[in-house]
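These notes are about the structure you will find just below.
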Amino acid sequence: MAIQTRLLVPVLAALVLAGCSKSSDEGSTKPPAAADRKADGSRIGVTGGDGIAVTYQYSVRIPASEVAGLQEEHARACEGLGPARCRIWGMTFSVIGDRSVAATLDLRLAPADARAFGRGAIDTATRRGGMLTDATIDSTDTRIATTAADAGSRDAERDRRALAARLAAATTPAERQSVQAMIEEAEGRQEELGGQKADAAASLAAIPLSLHYTSGPVSPPLDRGPFLAAIDDGWDNVVGGLAAILLIVITLLPWAAMALAVVLGGRWVVGRLWPVERGPTEARPDTDAPGGA
Numbered sequence: 000m001a002i003q004t005r006l007l008v009p010v011l012a013a014l015v016l017a018g019c020s021k022s023s024d025e026g027s028t029k030p031p032a033a034a035d036r037k038a039d040g041s042r043i044g045v046t047g048g049d050g051i052a053v054t055y056q057y058s059v060r061i062p063a064s065e066v067a068g069l070q071e072e073h074a075r076a077c078e079g080l081g082p083a084r085c086r087i088w089g090m091t092f093s094v095i096g097d098r099s100v101a102a103t104l105d106l107r108l109a110p111a112d113a114r115a116f117g118r119g120a121i122d123t124a125t126r127r128g129g130m131l132t133d134a135t136i137d138s139t140d141t142r143i144a145t146t147a148a149d150a151g152s153r154d155a156e157r158d159r160r161a162l163a164a165r166l167a168a169a170t171t172p173a174e175r176q177s178v179q180a181m182i183e184e185a186e187g188r189q190e191e192l193g194g195q196k197a198d199a200a201a202s203l204a205a206i207p208l209s210l211h212y213t214s215g216p217v218s219p220p221l222d223r224g225p226f227l228a229a230i231d232d233g234w235d236n237v238v239g240g241l242a243a244i245l246l247i248v249i250t251l252l253p254w255a256a257m258a259l260a261v262v263l264g265g266r267w268v269v270g271r272l273w274p275v276e277r278g279p280t281e282a283r284p285d286t287d288a289p290g291g292a
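Quick note: the sequence shown uses numbering that gives the first Met the number 0, first residue 0, plus one each step.
Okay, here's the thing in structure tokens:
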């Protein structure tokens, strides 16, 4: 019996260890999955988060003939989302020097739509023959401003209540007037701080997204080698130099022609008014030899 007991102890210990090992394996499997889900759910990145206000700015270059159409297509895409998800905040379009075009489109989007809308806008510009030249995504922690506004509002409310008590105990008109002015100042601080808090909340509810359009030649793909890039840059320099020379010649040619006309006209007038007097013509010596007898 003692021998059987000694044999059962190792078996029971092995079973207990196997069960603990299985439990630890299951536990070690479930927490990472939960941790992954938590990481995915709390990932903020550039799409904002609790108290984080994000702003998006994109600049694209596109042929001048496509600027208006691209801007209109982006505006229609915003309107297609509906006013609850996207609003047009402002639009500009201008022709500069009859040769280049510049335009802007300012939008306010729901936080869940801002990043996807920006990606779609760049894809649309690329499809129309344009290219992305600049992208800026910035964020601001509005919790700092909100906390400061709450603290300042509490201080202003405490001051207002103390001043209200002083006003009730004031005995002279001058004292009441002075205390009333301080109460109005405290109320003004409260109103200003409330506006700051409202602005912070609005920046979280509507994400600003700005699109800037400029016309111009679209650069070749960035993966081209340095040799082809050098050829393109050299050719652009040659064309630019010839254009500059032609511009200088065209600009100075009328003035040069005018200066030449003034010089020739002046010489003609001087010649007519003050003719040059010529001296007596010297007699030509006779070249015939005297005849002999």
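We put the CB at the ideal spot given by N, CA and C, even for glycine.
Worksheet item: Taking the Cβ atom as the reference point for each residue, do Ala120 and Tyr57 lie within a distance shorter than 8 Å?
Response: yes
Practice prompt. Identify which residue in Arg107, Pro110 and Met90 has its Cα closest to the Cα of Ala101.
Written response: Met90
Worksheet entry | Whole-angstrom distance between Gln189 and His73, CA atom to CA atom | 41 Å
Discussion item. Measuring only the C-alpha atoms, how far is Leu263 from Ile244?
Written reply: 27 Å
Item to complete: Might you give, ordered along the chain, the residues of its own chain that have their beta carbon closer than 8 Å to the beta carbon of Ile182, omitting 5 neighbours on each side?
Response: Arg159, Leu162, Ala163 and Leu166
Practice prompt. Kindly indicate the opening and closing residues of the alpha helix (DSSP H) around Arg126.
Written response: Ala113 to Arg126
Worksheet item: Quick one, are the C-beta atoms of Pro207 and Arg142 less than 8 Å apart?
Response: no
Worksheet item: Once you ignore the five residues that flank Ser294 on each side, which residues in its own chain have a CB closer than 6 Å to its CB?
Response: Outside the modelled stretch of the chain, which goes from 0 to 292, sits residue 294, for which no answer is possible.
Fill in: Alpha-carbon spacing of Gly194 relative to Ala201, whole angstroms
10 Å
Practice prompt. Please state whether DSSP places Pro172 in a helix, a strand or coil.
Written response: helix
Worksheet item: According to the neighbour-count rule (16 or more other Cβ atoms, all chains shown, within 10 Å of its Cβ), is Gln70 buried or exposed?
Response: buried
Worksheet item: Does the Cβ of Ile61 have 16 or more other Cβ atoms within 10 Å, making it buried, or fewer, making it exposed?
Response: That one is buried.
Worksheet item: Cβ of Gly240 within 8 Å of Cβ of Ser99?
Response: no
Discussion item. Could you check whether Asp137 and Thr54 sit closer than 8 Å to each other, using their CB atoms as the reference points?
Written reply: By the CB criterion at 8 Å, Thr54 and Asp137 fall inside the cutoff.
Worksheet item: When the Cα atoms are used, what is the spatial distance from Arg84 to Glu191?
Response: 29 Å
Worksheet item: Over what stretch of residues does the beta strand (DSSP E) that includes Val59 continue unbroken?
Response: Ile51 to Ile61
Worksheet item: DSSP on Trp254, reduced to helix/strand/coil?
Response: If DSSP states are grouped into helix, strand and coil, Trp254 belongs with the helices.
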